[in-house]
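First up is the structure itself, then whatever we jot down about it.
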């Protein structure tokens, strides 16, 4: 039995399907990130789990118990969940300690137990020195920690995060994502985490569910969705990719297939144990960092000659746009790999194993 | 999971109905509270209106007829009352615009001195009810004994001074009562306006003067139009001033005509029919206002206010300053002066000498042999009660409108705001007629005051509380639910404390406007239910102006106090959010 089961859930607002037949299982202690751009339905899905919205169809189960279906609607306060809100939602009329103890007191805990639990929770997020402050006296990062502590102190079955870091400045956001990950790993708490930031998703998630147009396009580890994207959307949304229309010419050695692209000529790519019919239309994805550059011409498959069109120095990396016989290729490599000037002639190559192929009808 | 399309079928209707019912059952307490609140507000507003129109369309025997409307318009004096109302309201609107616009522009946009003082002084003019301003001007410009006329006669030998007992006099009094509405609306709009528009005009080569006048005024036009319509409607619905002045000048307006039709022998059907033109004007005005302000009705909460650079208008600032001070002198200082002076005299019209000075007019407030102690008690009780009922109702209704997706919210909002500009006397006709007979025989008791005032003043509470709720993040309430609190619990523990200042501001606002309510009270009133405005009205009727002045001074002091508290709360509320 999974901790959380979402079973073919749909939700419509005024005729528009914000969530469209989504199914997802989340195991005990696992962190699943719902990742997608705004309007993809990730927040709606989270609010369906929380109980603020009612699914139009489908069912949601927590610990095997139905909390939302066509016949049942358990109100949010009786789902044993807690949530970290985007705006933190620290009640401004209560102190930090009162914010944390509110839910515990509602559960009938006595004062001493409550105080002890509040103290532990605040210590967990290093906010024990601020117990008597009001939210107006806290910085954004501190409010974020209090919001986290308030959610943790209730020891929920599932912890929900609604874009919790989006209101922090860039440096703090970067720091907090590692801290949240460490905390979730330590406490082994089941969580659903909504974000539009793929770096954040990759740090926090055990598994990432990439959402688009109200559907989950792919669920998998960060490596899965990055290296083994299953849909066109996922391949383009996660990281950068050079995308080419291609036609399957036929199988080749080592689990590879040979493709013909209008811009890049014939390319050898891994088939990833999937079968592609000869002559079928496919798409070819090559990530910019998987293209190697060298000043000398190499030999073998997937070697090309090009000319640097644009060069941007990004510190650790060099971002190049290279013209290969009229086709522009984005290439990202370590800056140390060598100085290249605009208009300089260069050679490039890519491993068939780094060439992702997807059929176009997806 | 890739690309798998789940078949999604629409849920059958009976299942959807079942789901809604299930929601309602689970949140049963919420459901009960909501249904009760909607029921109460709907009843309060719609029942008297239904009575009004129904009665206007039926004869004494109950048959459907348009005769009442025909009779009422052939009734002697009604057409002229209608004409008077329109002419006087239009005159008041134009005069108010002429006074308020230069002042508003000057305090908001120029380097004129004393801007803060002028805003405060206009606020006092705003607080003074029109019937008290009328009393003050009767004391100032009554044909024989008016202080100004006496002064002109004795100092300059002007034999026949100007008399306030005329249509022009009524326009003057109403203008001094209502110009603050245009002043505050225009000044607020100018204050909130993005100054870069003006700066752009200057970059384009316009002088500071032209940039400000040519660009700012058109941009705040919606605020000007909407407040002008409001002034027109207020003037149309005013009762106290027209009664005090029209009575002596032998002319009627629609409101005084309705009052007359209600007096012995009462002709209720005709009164109901006479009230309909006012209601028609109000509805028309509200529609115009909606049209004029369009979608920008709720842009009150603007982004961070940028402080606009004040336009240096050179010598013009002293001209505007003199003009503003003159207006304040005539609309605030002179009336307050004459009221206080008169309230200290043993008989109004006596010279202001030691032997004529007395505190007996104020002492009467505590003299139980007069109606005054009861009137003060009634006023405080009715105002506080009305304010409390309004705020509690507003909290529930606003939550329903802002936080749920229930169908019919637009209609509910309309019902909650429609009585805002309704003339009290017209609404009161519906209340008196609707509550005369069992099981609703509340006419003649103080309870009907609570009901009628709540119906009339609910929109104030509704708007204040609604602004508060709009600024309150939904997530604060959702966090309550996630912590394990039910809907009702969240409302009590989270929403109410956070809305406290908004609710207190709403309470003070309703309290302040109810305290001065005369036009409804005159119809609802019987012996024993007098309020302070009624007491003042009766004193004027009897010609005991010194007593009227004393009660007026106390009423104004109470109003200023409640507005001062309101400003403190409202200011604090802004800082908290």
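Residue numbers (our numbering), protein chains in the order written: chain Z, 105 to 466; chain B, 1188 to 1764.
Note that beta-carbon positions come from the ideal geometry of N, C-alpha and C, so glycine has one too.
Query	Result
Are residue 240/Z and residue 193/Z closer than 8 Å when you measure CB to CB?	no
What residue range does the beta strand (DSSP E) around residue 369/Z cover?	369-374
Taking C-beta pairs closer than 7 Å, name the residues in chain Z that residue 1684/B reaches, listed in chain order.	197
Would residue 193/Z count as contacting chain B if we go by Cβ distances under 8 Å?	yes
Determine, using beta carbons only, whether residue 1615/B and residue 1707/B come nearer to each other than 8 Å.	yes
List the residues of chain Z whose Cβ lies closer than 8 Å to the Cβ of residue 1691/B, in chain order.	Under the 8 Å cutoff, chain Z gives no residues; its nearest Cβ is about 14 Å from residue 1691/B.
With a threshold of 7 Å on Cβ separation, who are the neighbours of residue 1276/B within its own chain once the five nearest residues in sequence on each side are excluded?	1419, 1422, 1423
Using three-state DSSP, classify residue 1519/B as helix, strand or coil.	helix
Pull the bridge partners of residue 138/Z from the DSSP assignment, please.	298/Z, 313/Z
Please go through the same chain and pick out, in chain order, the residues whose beta-carbon is closer than 7 Å to the beta-carbon of residue 1588/B, but skip the five residues on each side of it.	1596, 1599, 1600
Can you pull the chain B residues whose beta carbon is under 8 Å from the beta carbon of residue 210/Z, in chain order?	1670, 1671, 1672, 1676
Ignoring anything shorter than 4 residues, give me the alpha helix (DSSP H) runs that lie fully in the region 1207-1295 of chain B, in order along the chain.	1215-1243, 1254-1261
Taking 8 Å as the threshold (C-beta atoms), are residue 462/Z and residue 336/Z in contact?	yes
For a contact meaning CB atoms closer than 7 Å, what does residue 1660/B contact in chain Z?	191, 193
Mind checking the region 139-156 of chain Z against chain B and listing, in chain order, the residues whose C-beta falls within less than 9 Å of any C-beta there?	151, 154, 155, 156
In chain order, which continuous runs of the alpha helix (DSSP H) of length 4 or greater are located wholly inside the region 1681-1731 of chain B?	1687-1702, 1708-1711, 1719-1729
How would you label residue 1487/B, buried or exposed, when you count the other beta carbons within 10 angstroms and need 16 or more for buried?	Because residue 1487/B sits at a pLDDT of 36, beneath the cut-off of 50, its placement in the model cannot be relied upon, and the point is left open.
Reducing DSSP to helix, strand and coil, say where residue 279/Z ends up.	helix
Leaving out the 5 sequence neighbours to the left and right, which residues in its chain are closer than 6 Å to residue 1467/B when beta-carbon positions are compared?	none
Mind listing which residues of the region 351-385 of chain Z have their C-beta closer than 9 Å to chain B's C-betas, in chain order?	none
With a threshold of 8 Å between beta-carbons, can residue 1287/B be considered close to chain Z, or not?	no
Could you spell out the range, first to last residue, of the alpha helix (DSSP H) harbouring residue 1589/B?	1559-1590
Please report the residue range of the alpha helix (DSSP H) in which residue 1367/B lies.	1354-1379
When the distance is taken between beta carbons, is residue 203/Z closer than 8 Å to residue 107/Z?	no
What is the residue span of the alpha helix (DSSP H) that residue 1603/B lies within?	1596-1605
Step through the CB atoms of chain Z and report whether any lies within less than 8 Å of the CB of residue 1537/B.	no
So with CB distances below 7 Å, who are the chain B contacts of residue 181/Z?	1668, 1671, 1672, 1673
Tell me the rounded alpha-carbon separation between residue 1368/B and residue 1417/B.	8 Å
Can you tell me whether DSSP reads residue 112/Z as helix, strand or coil?	strand
Using the Cα positions of residue 1670/B and residue 1678/B, report the straight-line distance between them to the nearest angstrom.	13 Å
Between the region 1594-1619 of chain B and chain Z, which residues of the former have CB atoms less than 7 Å from a CB of the latter, in chain order?	none
Between which two residues does the beta strand (DSSP E) containing residue 187/Z stretch?	185-188
Whole-angstrom Cβ separation of residue 146/Z and residue 280/Z, contact assumed at under 8 Å?	Contact flag wrong, Cβ pair sits at about 19 Å.
In the DSSP assignment, the beta strand (DSSP E) including residue 411/Z goes from what residue to what residue?	407-417
Could you check if residue 358/Z is buried or exposed, using at least 16 other CB atoms within 10 Å of its CB as the buried criterion?	exposed
To the nearest angstrom, report how far apart residue 1582/B and residue 1576/B are at their CA atoms.	10 Å
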